[in-house]
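Each remark here refers to the structure printed beneath this line.
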Amino acid sequence: MKLFLAILVLAAVVQLLLPWWTLAAAALLLGALLARRGGQAFGAGFGGAALGWLLPAGYLYVRNGGHLANRVAELLPLGGQGWAVVLVAAVIAGLVGALAALTGCWLRQAISPTSADTVSA
Amino acid sequence: MLRYIRAGLALLTTGTLVWALNTNHGEVPAFGKFLSPYEGFWRNAEAPNDFAAEQTLELPGLQQPVTVRFDDQRVPHIFAQNDHDLYFAQGYFTARDRLWQMEFQTHVAAGRISEVVGPRALEYDRFQRRMGLPYGAEKSLQVMMANPTTRTVLESYTAGVNAYIGSLSPRDYPLEYKLLNYAPEAWTPLKCALLLKLMAWDLSGRSDDLRLSNALHKYGPEVVRDLFPDYPTREDPIVPVGTPLDYTPVKTPPVPQVFAASASDKVPAREPDADLGSNNFAVSGARSASGLPILANDPHLQLNLPSIWYQVQLSAPGVNVYGVTIPGAPTIIIGFNQEVAWGVTNVGADVLDWYQLKFKDNTKREYWHDGQWKPIRQVVERIKVRGLPERLDTVLYTHHGPITYDRAEKVFNEQTPIRHALRWTAHEGGNEVLTFYNLNRARNYQDYAAALSTYASPAQNFIFASKQNDVAIWPNGKFPLKWKNQGKFVLDGSNPQHDWQGWIPQQQNPHVKNPARGFVSSANQFPAGPDYPYYLGWSFASYERGHRINERLARMSKATPDSLRVLQNDNLNLHAQLMLPRMLALVQPEQLTPAQRRAYDELRRWNYMHDAQAIAPSIFDMWYAELVDSIWEDDFGPEATGLEMRYPPRDRTANLILREDTSRWIDDRRTPQRESLPQLALQSFRFATDSLTRKYGDLGPKWRWANHKSTDILHLARLPGFGRLDLDCGGGAAIVNATTERNGPSWRMVVALGPEPKAYGVFPGGQSGNPGSRYYDNLIETWRTGQLNELIYLTSPTQQHPRVQAAWTLQSR
């Protein structure tokens, strides 16, 4: 839960100022610092990063009446369903967050394995 | 060890995924970047209250404060204290709404689309450069920068656009930049010139020279004279026949000996549509309810989003003008001020000619002209291609112009040493911006006439009305002084008599002021009748739209702006009115199946109106097209003849169907038996009704004209989801309301002059170029139903108006 919240907040803050892919750097760093197991890192990374996109995208979708998202949903193509673009965006961010957090966790385990890591690996 | 491998693989996977999501792959966007709510397309999703009612912008380069009011359609009404600030602000606000469109169109003109989309645009880019669009733009730029007035206009406008670009971070870029994953570059005055060349291409980049040369080669001069006459039977020219000349014509060059170009199957790729067209008309005070003129204009162009036009009011000392401009071009192109109104339609004169060349040898360093070998200039074009190394392309120039013709690798082969050079008025330097600058400030007929003198290309029918109760029209631009029929066929590039030998003096361009009939009009038809002393071309838009407009104007008295609006929406098909009775008479109803008979009866009941809900237009349209095909395809179609030719013009075909039953052209030479006209009429009628039945089922609501025609407004880059498809509206080709599948009235305007001008207008789109804005397409419904919005003309920056709420201030930083 702590890792999930940390990724959600830190990834959102860095993306406000820096390019979108800094979410991967944030998730990787936090995964290395806080994750104990790979599965936990993956789940928290996915959830934190996905929610970090789902909430603002959902807000912007509603605020615009879905007008633009519906157009993008025809372009992609997602049958003109703007809410599907919100979900696709969240899944993409989630995948990046999940993989990055997992990488962080595994990198730390490779460099300085703890006793818990030895057991789980 | 395993742990290191595992971590390494994870890092590699993550890195690859991030890279893949941050990069464009062909037509697949960089999804990560594009879908991010922090920097992607979501940021372009406007909410209604995003637009500030009041704010102050600090912009570097302004000389004095500028006030900008916005009305409820988001039209900026700009009040500046000098010309520099006026055009600076025009550039700034146009870019604010239309930056991507402006830049994309100049990239199209410059042959630079490959930079954005990669190698698939390469051939297109080469073609634009080989047609000499950038070459012509450079020449125009020199002329415009040499004039202090237009230099100020172009430089200020450029500074304004750049002030906007400079204020953007990548998160604020228009959506299309994010989708295609590139960044805007700095604006330059050259880009303004490029835009005008793009218009010149759209409006004058077509030529039938080669098609007719091939016909001449195959059938000989007798047949070509008969089927492709210099002047049609039915015509209603812009300047009425019998209008006295107010000048002494200059001598035209002598007609040289006939030259038969060698036949060829190569026609230039990507020709602009032959069927664009536009209307403008103005009634004098004698025909209006107010006693003062009313003017209307609806330029027809390809229907695109973002809209082709941008509305703006420009006010500074000496000028207060409202109208539309092409995003990227300063000043107003069609509009009105307190004293005058003006509009344009395309002239379509023959200002583009091909010269057959004779090279000394395969190196193509010299060509034969005027009895000597003359050197060929080589210009290397450097084309940047996204994701690939720069591509070099060498274009050859003679004194005629660039050797454009078809692709080099196909054309310059050893067996065909003779190729063609292009001569085109779009390559001439002209100061079009000065014309519009002066029209924006015109107060009377003299100002208008003087403004037209600097205009070169694309030639336009400039219509005019003033508060002094003058109405006038000038088909105007640079017209080469030709011998009769010069350029109807491919010309001899070695014979100096075939060169263009000067220009028709501008004051002798066709014109008429205050004609007795009490109105002036144009619809791309012949600028003048056979009594005009110069040759302008043999083929113009066929007469139906122009004639219908004149017919209705001639009956108008006490006209109001609404009378002119209704005329803009006129759906009568004069051509069907002429042809259908004859076509119905050619068919024996007893020979039809019950289903075909229902279609036949539908046509008999028809009032010739191409209204959205009518069924007969769908049947007639298909029937007539098929009938024409069945007459000409075997003689002039590329498949049957192996040559690129064109069909004879509509007027000539009509005469054949109406009264030449025994013509040799009726027979299909591909069949052993001899066809008759009634046979062709019956076959084509059956073909049309059967096709419609196959497509839409039994005759019923699905046969509606709007459904069959299906007008689409597409996004400029053809992005699915970003256009508006299948609009339910009437009209059609050669009809005053010329709304076809892809073309139509791109701006409808009606202006009534008076103590204060009263003006109305609409275009099929919206002020904003942002697909995430309500103002991207909010005017389409008004346009579709043939209505107009009242245009708000403010006389001072503080004038109160219920539809004008927002007020912004610009000041120097």
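In order, the protein sequence lines correspond to chains A and B. Residue 101 in numbering that gives the first Met the number 0 is what sits at position 102 of the first sequence, and the numbering runs on without skipping anything. Residue 252 in numbering that gives the first Met the number 0 is what sits at position 253 of the second sequence, and the numbering runs on without skipping anything. Backbone N, C-alpha and C define an ideal beta-carbon position, used for all residues, glycine too. These figures come from a predicted structure and were not determined experimentally.
**Request:** Kindly list the residues whose CB is nearer than 7 Å to the CB of Glu73/A, restricted to its own chain and excluding five residues on each side of it in sequence; keep chain order.
**Result:** The residues are Gly79.
**Request:** Please classify Asn788/B: does DSSP put it in a helix, a strand, or coil?
**Result:** In this structure, Asn788/B counts as strand in the three-state DSSP scheme.
**Message:** Any beta carbon of chain A sitting closer than 8 Å to that of Gly31/B?
**Reply:** Closer than 8 Å to some Cβ of chain A, the Cβ of Gly31/B qualifies, so yes.
**Message:** With DSSP as the reference, identify every bridge partner of Met748/B, one or two as the case may be.
**Reply:** BP columns for Met748/B point to Asn296/B and Gly760/B.
**Asked** At a Cβ threshold of 8 Å, is Gly771/B touching chain A?
**Response** Under the 8 Å criterion on CB atoms, Gly771/B is classed as interfacial with respect to chain A.
**Request:** Measure from the alpha carbon of Met130/B to the alpha carbon of each residue in Val17/B, His426/B, Met144/B and Leu167/B, then state which is nearest.
**Result:** Per the Cα distances, His426/B.
**Request:** Taking all protein chains shown into account, decide if Asp819/B is buried (16 or more other Cβ within 10 angstroms of its Cβ) or exposed.
**Result:** Outside the displayed range of chain B (0 to 812) lies residue 819/B, so it cannot be described from this structure.
**Request:** Report yes or no: do the region 629 to 646 of chain B and the region 698 to 717 of chain B share at least 3 C-beta pairs separated by less than 8 Å?
**Result:** The answer is no - the region 698 to 717 of chain B does not touch the region 629 to 646 of chain B, with fewer than three Cβ pairs under 8 Å.
**Asked** So which residues of chain B does Val87/A contact, with C-beta pairs closer than 9 Å?
**Response** Those within 9 Å of Val87/A in chain B are Phe30 and Leu34.
**Prompt:** Quick one, which of Tyr181/B, Thr330/B and Gln355/B has its alpha-carbon nearest Thr397/B's?
**Reply:** Per the Cα distances, Gln355/B.
**Message:** Less than 8 Å between C-beta atoms, sequence neighbours within five positions excluded: which residues of the same chain meet that for Asn572/B?
**Reply:** Closer than 8 Å at the Cβ level, and outside the excluded window around Asn572/B, lie Glu543, Tyr607, Met608, His609, Pro616, Phe619, Gly731, Ala733 and Ile734.
**Prompt:** For Ala89/A, does the count of other Cβ atoms within 10 angstroms reach 16, so buried, or fall short, so exposed?
**Reply:** With 16 or more other Cβ atoms within 10 Å, it is buried.
**Message:** Using a 10 Å radius around the Cβ and a threshold of 16 neighbouring Cβ atoms, would you call Ala653/B buried or exposed?
**Reply:** Buried, by the Cβ-count rule.
**Message:** Can you pull the chain B neighbours of Val8/A, defined as C-beta to C-beta under 7 Å?
**Reply:** Within chain B, no residue has its CB atom less than 7 Å from the CB of Val8/A, the nearest being about 14 Å off.
**Item:** Interface positions of the region 92 to 103 of chain A facing chain B (Cβ-Cβ less than 8 Å), listed along the chain
**Value:** So the close ones are Ala92, Leu94, Val95, Leu98, Ala99, Leu101 and Thr102.
**Asked** Distance, Cα to Cα, Arg442/B vs Leu291/B?
**Response** Take the alpha-carbon of Arg442/B and the one of Leu291/B: they are about 15 Å apart.
**Request:** Look at the alpha carbon of His510/B and the alpha carbon of Phe33/B, and state the distance between them as a whole number of angstroms.
**Result:** Between His510/B and Phe33/B, the C-alpha separation is close to 54 Å.
**Prompt:** In terms of residues, what are the limits of the alpha helix (DSSP H) holding Thr22/B?
**Reply:** Taken as a continuous stretch (DSSP letters only), Thr22/B belongs to no alpha helix (DSSP H), as it is neither H nor E.
**Asked** Where do the ends of the alpha helix (DSSP H) carrying Thr453/B lie?
**Response** Per DSSP, Thr453/B is not a residue of any alpha helix (DSSP H), being assigned neither H nor E.
**Request:** Would you mind telling me which residues of chain A sit closer than 8 Å to Pro719/B, beta carbon to beta carbon, in chain order?
**Result:** When 8 Å is used as the limit between beta carbons, Pro719/B is near these residues of chain A: Glu73, Leu74 and Pro76, in chain order.
**Asked** Near Ala44/B, what residues of its chain come up, given a Cβ to Cβ distance below 6 Å and the 5 sequence neighbours on each side ignored?
**Response** These residues qualify, in order along the chain: Gly771.
**Request:** Pull up the CB-CB distance for Phe463/B and Val339/B, whole angstroms please, since I reckon it's below 8 Å.
**Result:** Indeed, because the Cβ distance is near 7 Å, the residues count as touching under 8 Å.
**Prompt:** Exposed or buried, which one is Gln485/B when buried takes at least 16 other CB atoms within 10 Å?
**Reply:** Taking all protein chains in view, the Cβ of Gln485/B is crowded by 16 or more other Cβ atoms within 10 Å, so the residue is classified as buried.
**Prompt:** In the structure shown, what three-state DSSP assignment does Tyr436/B receive?
**Reply:** For Tyr436/B, the three-state secondary structure derived from DSSP is helix.
**Prompt:** Just curious, the beta strand (DSSP E) that Pro388/B is in, first and last residue?
**Reply:** According to the DSSP assignment, Pro388/B belongs to the beta strand (DSSP E) that extends over Leu387 to Tyr396.
**Prompt:** Would Leu2/A count as contacting chain B if we go by Cβ distances under 8 Å?
**Reply:** So no, Leu2/A is outside the interface.
**Prompt:** Looking only at its own chain, which residues have a Cβ that is under 8 Å from the Cβ of Phe518/B, when we skip the five neighbours before and after it?
**Reply:** The residues are Phe280, Ala281, Val282, Ser283, Arg286, Val470, Asn549, Leu552, Ala553 and Met555.
**Message:** Between the alpha carbons of Pro298/B and Thr15/B, how many angstroms are there, rounded?
**Reply:** Distance between the alpha carbons of Pro298/B and Thr15/B is about 51 Å.
**Asked** For Ala611/B, does the three-state DSSP call read helix, strand or coil?
**Response** Residue state, collapsed to three classes: coil.
**Prompt:** Going by DSSP, which residues form a beta bridge with Glu427/B?
**Reply:** Assignment of beta-bridge partners to Glu427/B by DSSP yields no partner.
**Request:** Helix, strand or coil for Asp70/B, going by three-state DSSP, please let me know.
**Result:** Looking at Asp70/B - three-state DSSP - the assignment turns out to be strand.
**First through last residue of the alpha helix (DSSP H) which encompasses Asn161/B** = Per DSSP, Asn161/B belongs to the alpha helix (DSSP H) from Pro147 to Gly165.
**Asked** How would you call Asn303/B, buried or exposed, if buried means at least 16 neighbouring beta carbons within 10 angstroms?
**Response** That one is buried.
**Item:** Beta-carbon contacts of His804/B that lie in its chain and below 7 Å, excluding the five residues immediately before and after
**Value:** A quick correction: the sequence has Gln, not His, at residue 804/B. Correct list, in chain order: Ala52.
**Message:** Given a cut-off of 8 Å on the beta-carbon distance, is the pair Thr22/B and Thr102/A in contact?
**Reply:** Cβ atoms of Thr22/B and Thr102/A: not closer than 8 Å.
**Asked** Any Cβ of chain A within less than 8 Å of the Cβ of Trp41/B?
**Response** For Trp41/B, a Cβ of chain A is located within less than 8 Å of the residue's own Cβ.
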